[in-house]
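**Student:** One structure, as structure tokens, below. Some questions next.
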Ligand code: FES
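Numbering (this note's numbering), first residue to last: 4 to 164.
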């Protein structure tokens with residue numbers, strides 16, 4: 004016959020009030036939470052890539068680029084065309100021209116040069132005329148040009164079809 008001697012101060016793992024069981028539960032919750040956070044950190048970017056957010060301006064063919072009187076003759080401004088920059092130019096004779104502001108060489112943002120009356124890319128000294136044609140420097144292709152419509156006081160720019 005064996006005699007079991009129990010120590011009342013000794014921890015009993017099956018007793019829900021036992022400190023070791025509480026520590027184990029705490030460790031399990033901590034590990035579970037960490038695993039869940041790690042899984043979310045991996046899955047969320049993948050889901051955002053596969054299901055991009057809806058943007059109201061994506062795919063838009065026409066945007067408000069400026070207001071009449073905003074540009075003096077022989078000046079230009081950058082405007083937002085969807086997610087990309089566009090360049091609105093008012094020529095010295097007062098005509099409006101619009102084109103993509105993304106250089107066709109290495110995608111720097113171009114700007115209007117008042118002194119040259121041309122569109123200039125500062126990255127590698129690329130030059131375009133006011134019709135978007137690449138005229139000097141490394142740009143291999145013309146800039147995409149847009150149609151300009153003045154409606155009342157607003158200047159709209161539209162993609163050419
Ligand atoms: S990026 Fe414009 S000239 Fe190189």
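Cβ atoms here follow ideal geometry from the backbone N, Cα and C, with glycine treated the same way. These numbers come from a predicted model, not from an experiment.
According to DSSP, is residue 22 helix, strand or coil?
**Tutor:** helix
**Student:** Would residue 130 pass as a contact of residue 123 if the rule is Cβ separation under 8 Å?
**Tutor:** yes
**Student:** Please indicate yes or no: does the CB of residue 96 lie closer than 7 Å to some heavy atom of ligand 1?
**Tutor:** no
**Student:** Considering Cα atoms alone, identify which of 50, 117, 31, 150 is closest to residue 99.
**Tutor:** Restricting attention to 50, 117, 31, 150, the CA atom closest to the CA of residue 99 is found in 150.
**Student:** From 146, 80, 71, 97, pick the residue whose C-alpha is nearest to that of residue 157; which is it?
**Tutor:** The shortest CA-to-CA distance from residue 157 to any of 146, 80, 71, 97 is the one to 71.
**Student:** Given this structure, state the Cα-to-Cα distance separating residue 61 from residue 116, to the nearest angstrom.
**Tutor:** Bear in mind that a pLDDT of 43 at residue 61, under 50, signals an unreliable position, so the model cannot answer this.
**Student:** Could you give the uninterrupted runs of the beta strand (DSSP E) lying entirely in the region 47-86, keeping only those of 3 residues or more?
**Tutor:** 65-70, 78-84
**Student:** Check each candidate in 105, 89, 139 and name the one with the smallest Cα separation from residue 161.
**Tutor:** 89
**Student:** Return the chain-ordered list of same chain residues with a C-beta closer than 8 Å to the C-beta of residue 108, the five sequence neighbours on each side being excluded.
**Tutor:** 124, 126, 127, 129, 140, 141, 142, 143
**Student:** Let's test the definition: count the other Cβ atoms within 10 Å of the Cβ of residue 79 and tell me whether it reaches 16, buried, or not, exposed.
**Tutor:** buried
**Student:** What separation, rounded to the nearest whole angstrom, lies between the Cα atoms of residue 55 and residue 25?
**Tutor:** Rounded to the nearest angstrom, the gap between the Cα atoms of residue 55 and residue 25 is 43 Å.
**Student:** Within a Cβ cutoff of 6 Å, which residues of the same chain sit near residue 59, ignoring the five residues on either side of it in sequence?
**Tutor:** Summary for residue 59: the model assigns pLDDT 44, below 50, so the residue's position carries little reliability; its value from the coordinates is reported in the next sentence. Correct list: empty, nothing qualifies.
**Student:** Please enumerate, following chain order, all residues with a beta carbon closer than 6 Å to at least one heavy atom belonging to ligand 1.
**Tutor:** 106, 108, 109, 111, 124, 126, 127, 129, 140, 141, 142
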